[in-house]
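Numbers given in our numbering equal positions in the sequence shown, counted from 1, plus 526.
From the three backbone atoms N, C-alpha and C, an ideal C-beta is built for every residue, glycine too.
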Amino acid sequence: MERTPLDYSVIRQRLEGQHGPRYWRSLEQLADEPAFVEFVDAEFPGIAPAMDRRRFLQLMGASMAMAGLAGCGQEPEHGVPYVVQPEKVIPGEARWYATAVPFAGYAQPVLGRTHVGRPTKLEGNPDHPSSLGAATAFTQAAILQLYDPDRSQAPRYQGRGTTWNAFQTVAFERAAEWDASGGRGLHLLAGASSSPTLQRQFAELLKRWPEARLYRFEPWQGDAYTATEQATGQPLETHYRFENAEWVLSFEHDWLGAGPHELPHALGWSERKRRAARGEGEARLFVIEALSTVTGAKASERRRVEPTELRSYVQALAAALGEGSAPPLPGDAQRWIETLAEGLQARRGRCLITAGEFAPLDVQAAVHWLNQRLGNIGHTLEYTQPITWIEAGGRRLDDLPALTTAMEHGEVEALLMLDCNPVHTAPGNLEFERLLQQVPLRIHAGLYYDETAAHSHWHLPLSHALDGWCDMRAADGSVCLAQPLVRPFYSSRSPDEILALLQGQLTPDARAMVRQTWQSLDDRAWREALERGFIRASAYEPVEVTVKPPRWDSVEPQEGLTVLFRPDPSVWDGRFANLGWLQELPKPISKLTWDNVIGISPSLSEQRGISSGDRLQATIDGAFIEGPAWVMPGQADATLSLFGGYGRTRAGRVGDGLGYNVAPLRTADDPWMRSGAVLTRLEGQIELASTQPHHVLAGKDLIRCLPREEAYQYEPPKPAQPTLYPPQAKSDTAWGMVIDLDQCIGCNACVVACQAENNVPVVGKEQVQMGREMHWLRVDHYYGGDPREPKSAFQPVPCMHCDQAPCEVGCPVNATVHGPDGLNEQIYNRCIGTRTCSSYCPYKVRRFNWYNLTADDPPALQAQRNPNVTVRGRGVMEKCTYCVQRISEARIAARIEDREISDGEVKTACQQTCPTQAIVFGNLLDPAAEVNRERHTKRHYALLEELNTRPKTTYLGLVEDAPVLPGEAEPLDLESAKGERDG
């Protein structure tokens, strides 16, 4: 869609005089921009341009070529199936293994599904308290990474293939030298890890070579450990108990957003909201932040502040709670913070204050003290020793700046870089790439031959967590045991094995090393732990702390813009850059795909005449980056947002050459925020692929929002509207779905789950730009009110499975029909590609195969997909099926056991993985089914109900609490979510 400068005067005129938030999808829509109207009016936008064949082959080769080596994959030799082990493998029946995958050092507990020895899907481990069966988008995409053909497949020396024996020879010789010198000159840099086995090995290495030095570098872990050390005198892990917190106040903390703690945080807060819905206390979230985040989008009240103002808000809160004094805040902010302080005091032990890991250190430390003052420690938060270990053998691990200093002084004779990519992710002022060339022996071990590997003498391929053995701790501190789902595809080794090789061992065995760590478990307990996927009662015990009063840093104000650096919500620091599922996953707030951007505020956009897509240059102290602009509603006026994870040159065929690298602007002293930035508009535009303007609906009441005192009141069923449709045949089953918008956090876990379960292909950036993404389930992001201070709402939209479906009437070949149990079924071999059904669908949930995205795959590659779901070809329409294959499995099982399908026995992929349990699926004809629990409250409504399509997918609306300052919000208007096109 061609972008022109927005006319903000038109936006202001349209918002004047409105009562309650008017919901909109993009600024272009709000301004009624002609290009937007033209794009929406086109039923199939971009029908003419063709996809570049070279890019097409790149995408298909990496994102769907899930390793032909697995085509004849054997089951792992020592793997223990989850709970029940069948006598033999039966084709068509899945086997499940409990295991785990790491993310930034933390274990993500999962169950791995295999078909005839081939892993096909990951789901959350329902027995683990940090999962309860849910899983994030990152966790589910690990199955794609397992099969990635761009993963490193064999050792390399100076860029050329070699053997493990060759490396062992070098390692044996070096080990003898280090034995003589005590390890002097040996330096080891590792990414964050919580593995007790790896920690034990590092301790043993230091005992053997006491002169060796260890370092730790995790690019986006933040300063949480440093903040707790400053506040309590020791580095600690902070565990939030959101389920117990009736009021939560967060300072620049996106704890519901992407990250290794995303899942337990979402589980806790969703439980708090369920309790509040039952009348058991409150569930109110207050957010003070500069950037638009998922947490801010779900806040009861959100305050937009400049990053430089954050400290003054915390100081004002501390003063209001009786700690010192602080200058008054401007406008009504002082009264608002004082009212919050009163509310927090009234809820001592039942409230919680959080500060983000990227917030200033003194702010984070002060928040710990505020929680202590409010009596929250032990109730809504606890402390334990760090989950990702920061010491080994009694020695503290140094940081990356210490390593670069040692490199500059010539102290590093040999450097092992284990599971990290500092050449790409290190702050620019450290000049890591230049200093690395001075090291005589450089060894890199990683999943990919990445940027750091290319600058190393030796590259050693790491095994994936799903085809190797390891242990690691989850966010709650419990130890997870990761067992392989399949034998290794490539000639790779686990981190434990590589450390053993470095010390001269000839045939290290990762399983044996993990078993040695847990030799206190007898064989029965070991097997039970493998079945469960974790060791019971292995989490750290809480630590009692005394928090010091806050001490504030003095910061000199600087001219220019403030830059905030954040990890990308889809590819994080770039470790997931080669996964097409995640590249094409719309980011929760912006709905951008395949790129990172320079986020600017609507005010800055208006002042400088900048439109989304314009080429910009951001400069700080001579260093600069170039990237496309993106106007972010809700962002602080004088703030820029830059996101990491892009600018890769050796990610693989999917991830290379996308976006820009943020590293040049980051410094070791200020890796999360810098001031004094200069923004320059350059010539030209950069084409971006955002799904925000796609599939825009025309109707009213798209987002329903009700005051809490009304939301749960009984509302009698509405009488059926007259219809010309014939009545449906009677049945004892009518499958349906209810989606709770108040619980949905827009995390996109459901989108990836649907893609993995139903063999949904990746189409590439060019096709997304033309509106041709293939996701069966989308999550629409709506804004409400003023673009500077908007409200937000997320709405998952699968197929509605209408009882009176327009698509069924429109199809000329009867390819879309109504099934006996209420499903709107798509019969692929009847479809002739007229696309009439899509034209007739008011919900815009049907997807057309413009290309034969899978036909050229060799037979071995077809085995990676879910064998219970048909793979579609060119010219075929497809859509959400309510995971009909899962319904069939449950129906067959019930028939064999001569019983009815029980409520909750069938879980769709999106429902299964949802971290907040916002999606409920079941039989609408069963009055006792969970899916019917709130269907007769005022919250319940159908999308585009006025069309009388009688959808079986319905919604529960948002619940709004009264503002803490009376009269602050405008009266709520239930008709505020007006039509997307009705002006």
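Output the distance between the C-alpha atoms of residue i and residue j, rounded to the nearest integer angstrom.
i, j, result
"Gly1059", "Glu699", "39 Å"
"His1220", "Glu1299", "10 Å"
"Pro652", "Asn1274", "20 Å"
"Val938", "Asn1284", "50 Å"
"Leu712", "Val965", "11 Å"
"Ser982", "Ser1046", "39 Å"
"Asp1268", "Ala803", "11 Å"
"Asp674", "Asp976", "14 Å"
"Met933", "Leu962", "7 Å"
"Ala1065", "Ile969", "34 Å"
"Gly1225", "Arg810", "30 Å"
"Ile1061", "Arg621", "21 Å"
"Pro635", "Glu1054", "15 Å"
"Ile1229", "Leu1118", "22 Å"
"Trp1107", "Gln1281", "8 Å"
"His1327", "Leu1349", "6 Å"
"Cys598", "Pro1010", "Since pLDDT at Cys598 reaches only 39, below the 50 mark, its modelled position is unreliable, and the value read off the structure follows with that caveat. Distance between the alpha carbons of Cys598 and Pro1010: 16 Å."
"Arg1398", "Tyr1172", "32 Å"
"Gly1290", "Thr1380", "14 Å"
Quick check on the burial criterion: 16 or more other C-beta atoms within 10 angstroms. Buried or exposed for residue i?
i, result
"Leu1387", "Residue placement at Leu1387 is poorly supported in this model, since its pLDDT is 48, which falls under 50; the coordinates still yield a value, given next. Counting Cβ neighbours within 10 Å, Leu1387 comes out buried, since at least 16 surround it."
"Asn1375", "buried"
"Gly920", "exposed"
"Gln1321", "buried"
"Pro1489", "exposed"
"Arg837", "buried"
"His935", "exposed"
"Val1264", "buried"
"Tyr1240", "exposed"
"Gln898", "buried"
"Thr640", "buried"
"Glu864", "buried"
"Ile1418", "exposed"
"Asn1449", "buried"
"Ser851", "exposed"
"His1462", "exposed"
"Asn1355", "exposed"
"Pro1316", "buried"
"Pro853", "exposed"
"Thr1342", "buried"
Starting from residue i and walking both ways along the alpha helix (DSSP H), at which residues does that stretch end?
i, result
"Ala845", "Leu836 to Ala846"
"Gln1437", "Ala1435 to Thr1439"
"Ala1038", "Ala1036 to Thr1043"
"Arg1050", "Asp1049 to Arg1058"
From the DSSP output, which residues share a beta bridge with residue i?
i, result
"Phe1150", "Thr1145"
"Pro1233", "Glu1486"
"Gly1448", "Gly1262"
"Trp984", "Tyr683 and Ile969"
"Trp1156", "Gly1125"
"Lys1478", "Paired residues: none, contrary to the question."
"Trp773", "Arg810 and Cys877"
"Lys1117", "None, per the DSSP bridge assignment."
At which residues does the beta strand (DSSP E) containing residue i begin and terminate?
i, result
"Asp1266", "Trp1261 to Asp1266"
"Glu763", "Glu763 to Tyr766"
"Ile903", "No beta strand (DSSP E) contains Ile903, which DSSP labels as neither H nor E."
"Ala1008", "Val1005 to Ala1008"
"Cys1325", "No beta strand (DSSP E) contains Cys1325, which DSSP labels as neither H nor E."
"Pro628", "Ala620 to Phe629"
"Ala1282", "Note, Ala1282: premise wrong, no beta strand (DSSP E); alpha helix (DSSP H) at Ala1275 to Glu1283."
Report whether the distance from the Cβ of residue i to the nearest heavy atom of the ligand COA is below 6 Å.
i, result
"Arg874", "Summarising the ligand content, the structure contains no ligands, and the ligand COA is consequently not present."
So within the segment 695-761, which uninterrupted beta strand (DSSP E) runs reach at least 3 residues, ignoring any that extend past its ends?
712-716 and 739-742
Hey, which unbroken runs of the beta strand (DSSP E) at 3 residues or more fall wholly within the segment 856-885?
877-881
As an exercise, report each continuous alpha helix (DSSP H) stretch of at least 4 residues that is fully enclosed by the segment 1356-1422, in chain order.
1362-1366, 1385-1388 and 1410-1422
Write down every uninterrupted run of the alpha helix (DSSP H) in the segment 1172-1253 whose length is 4 residues or greater and which is fully enclosed by it, in chain order.
1234-1237
Every unbroken alpha helix (DSSP H) inside the segment 909-971 [4 residues or more]
926-934, 948-951 and 958-962
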